[in-house]
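These notes concern the structure reproduced below.
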Amino acid sequence: MLDEYRTALVTGASRGIGAAFARQLAAQGLDLVLVARSEAELQALADELAERHGVMAHVLVADLSAPSAAASLYRDVQALDLEIDLLVNNAGYSKAGLFAELAFDVQAGMVRLNVNTLVELTRLFLPDMRQRGRGGVINVASNAAFQPVPYMAVYAATKAFVLSFSEALAEEVAGDGVRVMALCPGATDTEFWTVAGTWQERRASMPGPGEVVAAGLRAFERGRSFFVPGFVNQVVAFFSSRVLPRRLVARLASQWFRDRG
Ligand SMILES: NC(=O)c1ccc[n+]([C@@H]2O[C@H](COP(=O)([O-])OP(=O)(O)OC[C@H]3O[C@@H](n4cnc5c(N)ncnc54)[C@H](OP(=O)(O)O)[C@@H]3O)[C@@H](O)[C@H]2O)c1
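The opening position of the sequence shown corresponds to residue -6 in the numbering used here, with each subsequent residue numbered one higher.
Written out as structure tokens, the structure reads:
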């Protein structure tokens, strides 16, 4: 599947899981469009990948939480005369704390980035893929998609949206030669936790983004509509979404974050 693709666009490619996607896709010979706000980091990665793998790596700097960001990014890609075969909607963030006390701007920006822009980018690039009869979308959700998470209430809700949206879309486009998958990582060792403002001390025990992305790409190749990397995360996702009473799941998640936050 991936060997049929020529160009991938990765949002949030300046570090963490997005940069790992960029590295692994470049290693498979795909040209790249790298998107985030940090121009220097994106350019350094683009230069590294072009030199190491001989691929083309374009940098597009954008704040994807801005309401017009998706349309403007799509126009920029068209101006470069590129066809995107694989869209990786990865950019996202969380902020830990009580919903009633966290700044609303931060939460609204999170919804715009994690949900609105992801949906709009998908809506913009998907018709081109269907027309070509070839393409894929990987939406980075989270293990938080499978349960409500007190102290990350808005974040977990955005990821539940991404999971549901991706699974529905995977079914809609199943006959079009296009694949859609939600990747649902558990806690991963990235700057996500610095931005979220919690769990810094636990980062050393988390898997790195390279491991998560390698498993995710293998699942995408197998045609999965969603994938949870790691056995323990799979068990947690299964029990919290399919077995335990919903109120108990919310209470357990609450203790997990309140005690360790
Ligand atoms: N790490 C985890 O434990 C974990 C677990 C499950 C799911 N995830 C999900 O994985 C995805 C990637 O997170 P990560 O762990 O790699 O975190 P990260 O290291 O903080 O990376 C986040 C990426 O998103 C970009 N980004 C943030 N805000 C942006 C904006 N307004 N416009 C454009 N780009 C923006 C950042 O680049 P700039 O700052 O340069 O813009 C960065 O490249 C997110 O969707 C996250 O929810 C993470």
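Yeah, the Cβ is synthetic: ideal placement off N, Cα and C, and Gly gets one too.
Determine the burial state of residue i: buried for a count of at least 16 other Cβ atoms within 10 Å of its Cβ, exposed for fewer.
i, result
"Leu2", "buried"
"Leu21", "Per the sequence shown, the amino acid found at residue 21 is Gln instead of Leu. Exposed, since its Cβ has fewer than 16 Cβ neighbours within 10 Å."
"Val228", "exposed"
"Val205", "buried"
"Gly5", "buried"
"Asp(-4)", "exposed"
"Ala72", "exposed"
"Val225", "exposed"
Let me make sure I understand the geometry here. Which of the options has the alpha-carbon closest to that of residue i?
i, options, result
"Ala55", "Met122, Val70, Arg45", "Val70"
"Ala163", "Val205, Leu117, Phe219", "Phe219"
"Ile77", "Thr0, Val173, Pro200", "Thr0"
"Val171", "Ile131, Val155, Phe139", "Ile131"
"Arg215", "Asp24, Val236, Leu176, Ala59", "Leu176"
"Ser65", "Val99, Thr110, Phe154, Leu23", "Thr110"
"Tyr(-2)", "Leu27, Gly126, Ala33, Glu44", "Gly126"
"Leu237", "Pro141, Ser198, Trp192, Ala13", "Pro141"
"Glu165", "Gly129, Gly102, Ala29", "Gly129"
"Val28", "Ala62, Ala43, Leu(-5), Phe213", "Ala62"
"Asp98", "Arg235, Ser58, Leu53, Ser31", "Ser58"
"Phe250", "Ser31, Leu53, Trp192", "Trp192"
"Lys152", "Met103, Met199, Glu194", "Met103"
"Phe14", "Leu80, Asp(-4), Val155", "Leu80"
"Phe213", "Ala167, Met174, Phe224", "Met174"
"Ala137", "Met122, Pro120, Leu156", "Leu156"
Looking only at its chain, what residues have a beta carbon closer than 7 Å to the beta carbon of residue i, apart from the 5 residues adjacent to it on each side?
i, result
"Pro207", "Before going further, note that residue 207 is Ala rather than Pro in the sequence given. Same-chain partners within the cutoff: Gln17."
"Ala246", "Gln140, Pro141, Val142, Pro143"
Between residue i and the rest of its own chain, which residues show a CB-CB distance below 6 Å, the 5 nearest in sequence each way excluded?
i, result
"Gly201", "Asp182"
Suppose the cutoff is 8 Å on Cβ atoms and the five residues either side in sequence are ignored; what does the same chain contact list for residue i look like?
i, result
"Gln248", "none"
Touch test, the region 235 to 252 against the region 38 to 53, Cβ-Cβ under 8 Å, three pairs minimum: Contact check between the region 235 to 252 and the region 38 to 53: fewer than three CB pairs, one atom from each, fall below 8 Å, which does not count as touching.
Looking at C-beta atoms only, is the number of pairs between the region 31 to 39 and the region 116 to 132 that lie closer than 8 Å three or more? With the cut-off at 8 Å, the region 31 to 39 and the region 116 to 132 do not touch.
Contact between the region 4 to 24 and the region 89 to 100 is defined here as three or more beta-carbon pairs at a separation below 8 Å; is this criterion met? The region 4 to 24 vs the region 89 to 100: no contact.
Check whether the region 91 to 101 and the region 144 to 162 touch, using three or more Cβ-Cβ pairs below 8 Å as the test. Yes, they touch.
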